[in-house]
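Numbering (our numbering), first residue to last: 17 to 746.
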């Protein structure tokens, strides 16, 4: 009887406890979001508020589950060289990476090369589904739904060691892809996010050497028109409510404490979510920037700037700051408010009756893991093929005809190896270039492999083959664990900028070409090279980035003509490193990017070839209403193959009273056009996109006067010109 009574009482207590947990006022989903956050703040103790200054959104006492950050620049990272999946003890007792497989796509630089907003959105969707899957499945949970992606930084200089993480040098292209990736990551539900997109790294973070103490210096016009523009669009258009402050300063003030965080991104743009430091930024604020004499004063400044999450040790310094009066509880409330908003959007504040439509992902024990589904594999293959840029094909060597090839030589250090970069996860499988070629050719075709030219093996393989594919490029993280060193000067990585743009293995290419005129350079790289000799002598060159689990199949699809290439460069490829301004010259008007560089280039921004040809027949019409300019262009596929064309529209401003770019990308679209087809391509540009930032008026201003509309296949290949007369702002 006593046992039964005890059991009954226990059940009642559990039920009451459960009821109490679900009865907090902030869980009332009928209340406005801001009211719910107000109510939650009232429930929190000071210690809980301090804990929320870390990267975990959990409040265990109130039933708010743990929720941390994932890396996710080109797929969810739960493994890879940086062991993002954590570590566990191996058989010998040593700690080894604990990898959880995910779908791995080409590097961000490759995603940018697709110029395809729909695909980049799908990449974000896949990563977010996998994050939910690992968060919500019963076993081996990974408690994170905040995705450190996309990277909205601009690659203003090809020497930047983290060029691979960027969509490119152009703010408009980067903004469109940033918006697309955020929409994919967060989903289309009006109330809930699948994951929270946390953009990196605000602001003007494009030098690695001494990044912990340098200042990126430029005026407010470049802030709004160039460096901040992708972040601005990510917040105001895509709905991101999170970003990471960069290590560097802007005009002498470290970004994690910069007044613009609150005054511009929160008050003007509406970021009522997370602002976090980069890893270790608090100590760097004191020891490298020398902004404050103590860590307590530095920590207080970070919080007062409304930076609400620290990614390094902070607890003792926050407590000291409170004790010494550098900081108040009200300051903490203000800083963590955005963290709570993100938690709300992820459904973490709802309790058991949540209407979150994503909460069931991963809960079905019979569910096929998302990274194993055929759709994910096909998406990775499609994105990879569409990221390939055909840089040269002067003799029509490509596409290869598999039926006519008896021997193919596949040569080089990246022929049979996929190298994951520092922000990669671990894919369930990898198809190397060598494997992809072998699977694409006939059974009777011999594929000869030579990793290098030791004892002339590469030359011998090339001499015996009908065609030679030389797969060379960079190592994404320098091959050594030394964080501040890359053994190859033209390699770069986080914390190390490139000291050369020359391709180290171009000598290997020369030796192969000497014995086989049918040599294709497959440049597997995270950034441009000054491959002047190859461009002058080789019949064919293609570029592809690292990391994709479908690298081999995607490339083979292009090389053998299954996919007609339409990838485009996302940076200006200069001919020589001396063509670049000083590394710390952040004023891009001094000869940076296609917008301001006046010299000859190796490959211009927006450049890429096809196996077919396109005729830009005419601008059919230019129309404008109060808000938009619409340009209709007729483009014909004049070749014998179906293909895709990336139609690009640039603007120039001959009547402008202020300095403007020579040309500026204002619209683009990647469109399929079948052989012989004439397609009407419609490009719509909001009039405000023709404006410039007027510092006196503190807004974008459209000037009255003529705007030239330049339509073509790259920034240097303008096929059609028109103009529109704007009345300017009223």
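For each residue, glycine too, the CB sits at the ideal point set by N, CA and C.
- [ ] Express the C-alpha separation of residue 114 and residue 106 in angstroms, rounding to a whole number.
- [x] 10 Å
Open item on the list: Below 8 Å, how does it come out for the region 154-174 and the region 209-218: are there three or more Cβ pairs, yes or no?
Closed with: yes
- [ ] Give the straight-line distance between the Cα atoms of residue 389 and residue 142, rounded to the nearest whole angstrom.
- [x] 11 Å
- [ ] Note the first and the last residue of the continuous alpha helix (DSSP H) segment covering residue 208.
- [x] Segment: none, residue 208 is in no alpha helix (DSSP H) and carries neither H nor E.
Open item on the list: As a quick exercise: from 687, 187, 411 and 247, pick the residue whose alpha carbon is nearest that of residue 697.
Closed with: 687
TODO: Tell me whether the beta-carbon of residue 293 lies closer than 8 Å to the beta-carbon of residue 261.
DONE: yes
- [ ] Mind checking which residues open and close the beta strand (DSSP E) that includes residue 631?
- [x] 630-640
Task: Bridge partners - residue 257, DSSP secondary structure assignment - done: Residue 257 is not bridged to any residue.
Task: Segment contact flag, the region 588-606 with the region 618-629, C-beta cutoff 8 Å, min 3 pairs - done: yes
- [ ] Look at the alpha carbon of residue 396 and the alpha carbon of residue 344, and state the distance between them as a whole number of angstroms.
- [x] 49 Å
Task: Three-way DSSP call (helix, strand, coil) for residue 740 in this model - done: Taken through DSSP and simplified to helix, strand or coil, residue 740 comes out as strand.
Task: residue 71 to residue 104 span [Cα, whole Å] - done: Distance between the alpha carbons of residue 71 and residue 104 is about 22 Å.
Task: Where the alpha helix (DSSP H) containing residue 549 begins and where it ends - done: 548-553
Task: Per-residue DSSP class, three states only, for residue 377 - done: Judged by DSSP in its simplified three-state form, residue 377 adopts coil rather than helix or strand.
TODO: Name, in chain order, the residues that DSSP records as bridge partners for residue 722.
DONE: 741
Open item on the list: Please give the ranges of any alpha helix (DSSP H) in the region 111-189, keeping only runs that are unbroken, at least 4 residues long and fully inside the region.
Closed with: 124-129 and 133-152
Open item on the list: My assumption, with CB atoms under 8 Å, is that residue 634 sits in contact with residue 699. Please give the rounded CB distance.
Closed with: With 8 Å as the limit, residue 634 and residue 699 do not qualify as a contact, their Cβ atoms being about 14 Å apart.
- [ ] Could you check what DSSP says for residue 37 in three-state terms: helix, strand or coil?
- [x] Low confidence applies here, because residue 37 scores a pLDDT of 48, under 50, leaving its location unreliable and the question unanswered by this model.
TODO: Give a yes or no on whether the C-beta atoms belonging to residue 679 and residue 666 are separated by under 8 Å.
DONE: yes
TODO: Could you name the residues of the same chain whose beta carbon sits closer than 8 Å to that of residue 561, not counting the 5 residues immediately before and after it, in chain order?
DONE: 122, 123, 125, 126, 129, 180, 403, 540, 541 and 542
Open item on the list: Just to confirm my understanding: we take residue 414, look at its own chain, exclude 5 residues before and 5 after, and list those with CB closer than 6 Å. What are they?
Closed with: 556
Task: Per DSSP, the bridge partner or partners of residue 265 - done: 231 and 270
Open item on the list: Helix, strand or coil, according to DSSP, for residue 423 in the structure here?
Closed with: Of the three classes helix, strand and coil, the one that applies to residue 423 here is strand, per DSSP.
Open item on the list: By the DSSP assignment, the alpha helix (DSSP H) with residue 611 in it spans what residues?
Closed with: 609-612
Task: Element boundaries [alpha helix (DSSP H), containing residue 249] - done: Counting along the chain, the alpha helix (DSSP H) containing residue 249 begins and ends at 245-252.
- [ ] Tell me, please, whether the region 564-572 touches the region 146-163 by the rule of three or more beta-carbon pairs shorter than 8 Å.
- [x] no
Open item on the list: Taking 6 Å as the limit between beta carbons, can you name the residues of its chain near residue 68, skipping five residues before and five after?
Closed with: 352 and 355
Task: Backbone secondary structure at residue 99 - three-state DSSP - done: Per DSSP, reduced to three states, the secondary structure at residue 99 is coil, with no helix or strand assignment.
Open item on the list: I need the straight-line Cα distance from residue 473 to residue 459, nearest angstrom please.
Closed with: 23 Å
Open item on the list: With H, G and I counted as helix, E and B as strand and the rest as coil, what does DSSP make of residue 76?
Closed with: Three-state DSSP puts residue 76 in a helix.
Task: 8 Å Cβ shell around residue 672 - same chain, five flanking residues per side excluded - done: Same-chain partners within the cutoff: 708, 719 and 721.
Task: Residue of 211, 394 and 48 minimising C-alpha distance to residue 375 - done: 211
Open item on the list: Taking the alpha-carbon of residue 519 as reference, which of 495, 602, 361 and 487 has the nearest alpha-carbon?
Closed with: 487
Task: residue 484 in three-state terms, based on DSSP - done: In the three-state scheme derived from DSSP, where H, G and I count as helix and E and B as strand, residue 484 is classed as strand.
- [ ] Throw me the rounded Cβ distance for the residue 250 and residue 195 pair, which I believe falls under 8 Å.
- [x] 6 Å
Open item on the list: If contacts are defined as beta-carbon pairs under 8 Å, then residue 494 and residue 513 qualify, I think. What distance do you get, rounded to the angstrom?
Closed with: The Cβ separation is near 12 Å, so there is no contact.
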